[in-house]
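Novice:
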Amino acid sequence: MTHLLVTGGAGFIGANFVRYVVAQHPEVQVTVLDKLTYAGNRANLTGLPADRVRLVVGDIADAPLVNQLVAHTDAVVNYAAESHNDRSLRDADPFIQTNIVGTYTLLQACRRFDVRYHQISTDEVYGDLPLRQNGVGAKFTPTSRYQPSSPYSASKASADLLVQAWVRSFGLRATISNCSNNYGPYQYIEKFIPRQITNILSGRRPKLYGNGANVRDWIHVTDHARAVWEILTRGQIGATYLVGANGEHSNRDVLALILQLMGQPADAFDWVKDRPGHDVRYAIDASRLRDELGWRPEVTDFAAGLRQTIAWYQDHPEWWQGAKATVEAAYRQNGQ
Ligand code: NAD
Ligand code: DAU
């Protein structure tokens, strides 16, 4: 596998994957196909060697362009998506177009040129889980029922089902990974952790939805990148791998830690309107990934990962300041 097409490679998780591949696998050439939506940013690929990474600005739903690129690649890793739940509640159109029609377009091209395909998906396709009772709680597994809650997660679930059908009916050499919430550098500032960090850095108060009890299962983005590489190169064709690092924390606890690490009083935040249909809890059972492929997370100290993430946003104001007012204005309009 020496030539990869990484779609959505100028976004948060895609760019971290491209950086991982360039650093760890010197034989690989990467073409990034990215539409550079509001969430995509050329700067996410800054500093990477031009003879190893090429950015093509375009749409994964553009079949002629996709065919042309897929014809000259060994594998496609599809990170391209509309990725934010709150936006999908305001306007689902781009989610249907990119996440479903775009995935279909990539699948058709991979089928035509017999190219290996990996779909980056989310734990949200499984809906949510109840809060733990006395420390005990269920986790998602690869056989959990699909039960998405938001237009975003429904569009990702649809894409997964397309991939499964293309494997079964057309023999496509494909895998799927469903990962939990990522954090780390280059995450767009509409998302929970970077929103709170950049709120504090810009003199705004952090915002907590609902009662703050909702739980997310946090994984550092570099651990996700390594998992995807293992699945891409050694995973079983047709299999689904869940990716998670046993990182369950309530939103309230995450915000408390951010406030503490940034030297703020514990009550220096606002409660805001809850998200409609807000998923209660996510938790991943990553046994298949651990047992079959020997993957283990490396960033196991959440406070340390968060401290490093805060430092990245402190050190890169030019990366986020330009978008801050617009992102906050959209939230304000929504009462959040
Ligand atoms: P992101 O919004 O930061 O980046 C998405 C990228 O896709 C952007 O660069 C954007 O320009 C590009 N894109 C959007 N529409 C496109 C189109 N039609 N054609 C080409 N490029 C297009 O998202 P992210 O958080 O990096 O998520 C990447 C993938 O990982 C998504 O598929 C998402 O569903 C999945 N995922 C995310 C998380 C998370 O915690 N963020 C967890 C699990 C899975
Ligand atoms: O689980 C994987 C998913 O994680 C990915 O598929 C999505 O692409 C990604 O965006 C993320 O979805 P969430 O909805 O969990 O992430 P978000 O950062 O939007 O919110 C995390 C939690 O924090 C959620 O319970 C809502 C809450 N929240 C969010 C924001 C932006 C707040 O309390 N305040 C906020 O300001």
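According to the UniProt record's numbering, the residues represented by the sequence shown are 1 to 336, in order. Note that the Cβ used here is the ideal one computed from N, Cα and C, for glycine as well.
(1) For the ligand SAM, is there a heavy atom less than 7 Å away from the beta-carbon of R332?
(2) Do you know offhand how far R275's Cα is from V327's?
(3) Going by C-alpha distance, which of G11, R204, I176 and R195 is nearest A239?
(4) Cα separation between L33 and L55?
(5) Grab me the residues of P185's own chain with a C-beta within less than 7 Å of its C-beta, minus the 5 sequence neighbours each way, in chain order.
(6) Report the CB separation of I120 from Y79 in whole angstroms; it is logged as a contact under 8 Å.
(7) With hydrogens ignored, establish whether the beta-carbon of G14 is closer than 7 Å to any heavy atom of the ligand NAD.
(8) Keeping to the same chain, check which residues put their C-beta closer than 8 Å to that of L208; ignore five residues upstream and five downstream.
(9) Whole angstroms are fine: how far does the CA of E318 sit from the CA of P206?
(10) Between which residues of its own chain and F95 is the CB-CB distance below 7 Å, once the five residues before and five after are set aside?
(11) From what residue to what residue does the alpha helix (DSSP H) around K207 run?
(12) Is the beta carbon of R195 within less than 7 Å of some heavy atom of the ligand DAU?
(13) Contact check, Y20 vs A225 under 8 Å by CB: the rounded distance?
(14) Counting along the chain, where does the beta strand (DSSP E) carrying S121 start and finish?
(15) Could you tell me which uninterrupted alpha helix (DSSP H) segments, each at least 4 residues in length, are contained entirely in the stretch 185–253, listed from first to last along the chain?
(16) For A39, name the three-state secondary structure that DSSP assigns.
(17) With distances taken between CB atoms, is the gap from T31 to T73 smaller than 8 Å?
(18) Do V125 and D160 have their beta-carbon atoms positioned less than 8 Å apart in this structure?
(19) Assuming E190 contacts W295 (C-beta within less than 8 Å), just tell me the rounded distance between them.
Specialist: So, from the data block:
(1) Judged by which ligands are present, the ligand SAM is missing from the structure shown, whose ligands are the ligand NAD and the ligand DAU.
(2) Taking the straight line joining both Cα atoms gives about 16 Å.
(3) Cα-wise, what sits closest to A239 is I176.
(4) Between L33 and L55, the C-alpha separation is close to 6 Å.
(5) So the list reads T309 and W312, once near-sequence residues are dropped.
(6) So it is a contact: roughly 5 Å between Cβ atoms.
(7) At a threshold of 7 Å, G14 counts as near the ligand NAD, since its beta carbon sits closer than that to one of the ligand's heavy atoms.
(8) Scanning its chain for C-beta atoms nearer than 8 Å, with the 5 sequence neighbours on each side dropped, one finds around L208 the residues N251, R252, L255, F269, D270, W271 and V272, in chain order.
(9) Their Cα atoms are separated by approximately 20 Å.
(10) Taking C-beta separations shorter than 7 Å and ignoring five residues to either side along the sequence, the partners of F95 in its chain run E82, S88, P151, Y152 and S155, following chain order.
(11) That residue, K207, is in no alpha helix (DSSP H); its beta strand (DSSP E) goes K207 to Y209.
(12) Result yes, Cβ under 7 Å from the ligand DAU.
(13) Yes, they are in contact, since the Cβ atoms of Y20 and A225 sit about 4 Å apart, within 8 Å.
(14) Element bounds for S121: R116 to T122.
(15) If only complete runs of 4 or more residues are kept, the stretch 185–253 shows the alpha helix (DSSP H) at 192–201 and 221–234, in order along the chain.
(16) Here A39 sits in coil by DSSP.
(17) Taking a C-beta distance under 8 Å as the contact criterion, T31 and T73 qualify as a contact pair.
(18) For D160 and V125, yes; Cβs fall inside 8 Å.
(19) Under the criterion of beta carbons closer than 8 Å, E190 and W295 do not qualify as touching, at roughly 29 Å.
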